[in-house]
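Scroll down for the structure; my scribbles are underneath it.
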Amino acid sequence: MQEPQLLSQQNGAVRTLTLNRPAALNAFTSGLLAELREALDAAAGDASVRCVVITGAGRAFCAGQDLSDPMVNPDLKPGESPKDIGALLDGFYIPLAQRVRSMPVPVIAAVNGVAAGAGANLALGCDLVLAGNSASFIQAFAKIGLVPDCGGSWLLPRLVGRAKALQLALLGEKLPAAEAQAIGLICKAVPDEELAASAQALAQKISQMPVRAMAQTRMAFDEAGLLDFDDALRLEAVTQSQLGFSADYLEGAAAFLQKRAPKFSDR
Ligand code: LHQ
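Counted the way the working numbering counts, the sequence shown spans residues 10 to 276.
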């Protein structure tokens with residue numbers, strides 16, 4: 010029987026999704042992209058899930074698009090015209106990147122090895138990125154004549170500024186996890202052998218927190234980037250007004266005043 014390309018496991022309120030094509034460094038086929046998006050849809054629709062972790066099996070996180078997939082024109086025969094690879098973005102990468110960015114709960118990337126091309130940008134689109142010390146990030150697009158996709162053109166300049174973003178995207182060089190942390194591209198680099206446990210501990214901690222407000226915080230940051238200061242203040246007021254009626258806010262404030270631990274339940 011064929012191994013599943015994506016593994017899904019739940020521990021308490023934490024759903025862990027593992028890209029599972031280790032022989033190809035978990036490179037994305039259209040099938041894997043669809044399965045990952047469907048698994049995120051399922052997590053989004055399941056009230057028992059309060060945090061999602063995405064990681065990879067084997068020595069890599071994800072090597073980006075599988076370049077041997079017939080959809081990306083490997084080995085064209087003379088006279089054959091290439092297929093439009095934009096169809097892959099429309100059909101698979103855009104819905105996936107949008108799904109991550111609109112999840113109702115926080116999403117953690119646990120980057121266990123090399124993350125290249127769309128694999129790197131999938132990770133960088135998550136809310137918190139942890140990486141093992143031997144992991145690295147490569148904007149591999151430059152080396153095959155493409156532009157950063159899966160949100161990279163939007164994410165990179167915002168995460169590290171235009172100069173560093175252009176350096177990473179134009180040269181496509183390997184950025185080790187420690188340097189990625191130093192320039193603010195990711196949250197934290199940890200020893201390889203501690204990565205899985207650190208990611209799970211962080212996810213468990215988050216799952217006890219007010220996750221609805223956390224997802225709203227991500228959305229506010231994304232939207233505020235397009236607003237001027239006054240409009241961002243208005244957006245804060247609208248969001249705060251909605252959250253002010255939430256069970257989590259009422260519980261959090263009451264628990265503080267009653268000097269007890271809060272029990273958050275919203276999503
Ligand atoms: C792979 C891949 C791979 C297939 C390693 N595909 N097999 C969107 C839409 C449309 C078109 C195109 O793209 C996109 C978005 C993108 O993601 S573009 C960027 C695509 N990715 C890349 O260009 C990265 C290609 N891979 C590499 O540069 C290296 O493999 C890295 C730096 C990731 C790792 O290098 P090594 O650690 O030296 O491993 P390796 O190169 O020996 O790879 C191990 C195996 O994995 C090998 O297979 P083999 O049968 O020889 O053991 C590779 O062929 C396979 N593999 N990446 N993307």
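The beta-carbon is built from N, C-alpha and C at its ideal position, and this holds for glycine as well.
Distance check for residue j and residue i, CA to CA, integer angstroms please.
{"i": "Met228", "j": "Leu16", "result": "28 Å"}
{"i": "Ser255", "j": "Glu12", "result": "42 Å"}
{"i": "Thr248", "j": "Ser111", "result": "15 Å"}
{"i": "Gln148", "j": "Arg243", "result": "36 Å"}
{"i": "Gln213", "j": "Pro157", "result": "32 Å"}
{"i": "Gly261", "j": "Lys272", "result": "8 Å"}
{"i": "Ala69", "j": "Ile215", "result": "25 Å"}
{"i": "Val109", "j": "Ala263", "result": "32 Å"}
{"i": "Val282", "j": "Val23", "result": "Look at the range of the chain in this structure, 10 to 276, and you will see that residue 282 is not part of it."}
{"i": "Leu180", "j": "Ile153", "result": "11 Å"}
{"i": "Ala178", "j": "Phe146", "result": "11 Å"}
{"i": "Leu76", "j": "Ala36", "result": "8 Å"}
{"i": "Leu235", "j": "Leu45", "result": "28 Å"}
With H, G and I counted as helix, E and B as strand and the rest as coil, what does DSSP make of residue i?
{"i": "Lys197", "result": "strand"}
{"i": "Arg276", "result": "coil"}
{"i": "Leu4", "result": "Absent from the model: residue 4. The displayed extent of the chain is 10 to 276, so no value can be given."}
{"i": "Arg68", "result": "coil"}
{"i": "Ile6", "result": "No statement about residue 6 is possible, as the shown extent of the chain runs from 10 to 276 and does not include it."}
{"i": "Gly134", "result": "coil"}
{"i": "Arg269", "result": "coil"}
{"i": "Gln11", "result": "coil"}
{"i": "Gly141", "result": "strand"}
I'd like to confirm something about residue i: is its beta-carbon nearer than 7 Å to some heavy atom of ligand 1, or not?
{"i": "Phe230", "result": "no"}
{"i": "Val109", "result": "no"}
{"i": "Phe254", "result": "no"}
{"i": "Gly126", "result": "yes"}
{"i": "Val156", "result": "no"}
{"i": "Phe150", "result": "yes"}
{"i": "Asp84", "result": "no"}
Report the option in the options whose CA atom is closest to the CA atom of residue i.
{"i": "Ala72", "options": "Thr38, Pro83, Ser90 and Asp55", "result": "Thr38"}
{"i": "Val169", "options": "Lys183, Ile153, Leu133 and Gln251", "result": "Leu133"}
{"i": "Arg30", "options": "Arg24, Gly21 and Ala66", "result": "Ala66"}
{"i": "Met223", "options": "Leu137, Glu188 and Leu184", "result": "Leu137"}
{"i": "Ala53", "options": "Gly95, Gly160, Leu26 and Val199", "result": "Leu26"}
{"i": "Gln19", "options": "Leu45, Val61, Ala33 and Met10", "result": "Val61"}
{"i": "Ala172", "options": "Cys159, Pro185, Ile192 and Val199", "result": "Ile192"}
{"i": "Gly160", "options": "Leu105, Thr226 and Ala32", "result": "Leu105"}
{"i": "Asp257", "options": "Gln225, Pro79 and Met10", "result": "Gln225"}
Notebook entry, point to check: Any contact of the stretch 96 to 103 with the stretch 114 to 122, i.e. 3+ C-beta pairs under 8 Å?
Noted result: As far as the Cβ criterion goes, the stretch 96 to 103 does not touch the stretch 114 to 122, which means the pair count is below three.
Next item on the list: Evaluate contact between the stretch 200 to 219 and the stretch 136 to 148, counting only Cβ atoms and requiring at least three cross-stretch pairs below 8 Å.
Entry: These segments touch.
Check: Is the stretch 253 to 270 touching the stretch 44 to 51, taking contact as three or more C-beta pairs under 8 Å?
Finding: In short, these stretches do not touch, since the Cβ pair count stays below three.
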